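**Q** Structure in structure tokens, see below.
In the numbering used here, the protein residues as written are 3 to 87.
Here it is, written out as structure tokens:
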């Protein structure tokens, strides 16, 4: 933390006691059986991070990790999916 006094409340300096680093998450799809699809180990084997290689009509939109905003990429994926339908 470069400046622990930067966060202020009511005009008084305050030092944070906890830092939460959200550096990852576990991908789950609880509506699928684990024997069908299980990406909990983190490796997602999808073409363009959206097309399942064996299931023709199953698409995942927004299941990628861009450096910036996810919405433009998710929109492009949705347009690509719409062309496939």
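Where is the CB? At the ideal position from N, CA and C, for every residue including glycine.
Treat the numbers as computed from the prediction; the structure is a model and nothing was measured.
Who are the near neighbours of residue 83 in its chain, counting only those whose CB is closer than 8 Å to its CB and skipping five residues on each side?
**A** Around residue 83: 52, 61 and 63.
**Q** Using DSSP's beta-bridge definition, name the partner residues of residue 53.
**A** Per DSSP, 49 and 61.
**Q** Under a Cβ-count criterion, where at least 16 other Cβ atoms within 10 Å of its own Cβ denotes burial, should residue 67 be classed as buried or exposed?
**A** It is exposed - the Cβ of residue 67 has fewer than 16 other Cβ atoms within 10 Å.
**Q** Considering only heavy atoms of the ligand FAD, does any lie closer than 8 Å to the CB of residue 80?
**A** No copy of the ligand FAD occurs in the structure displayed, which carries no ligand at all.
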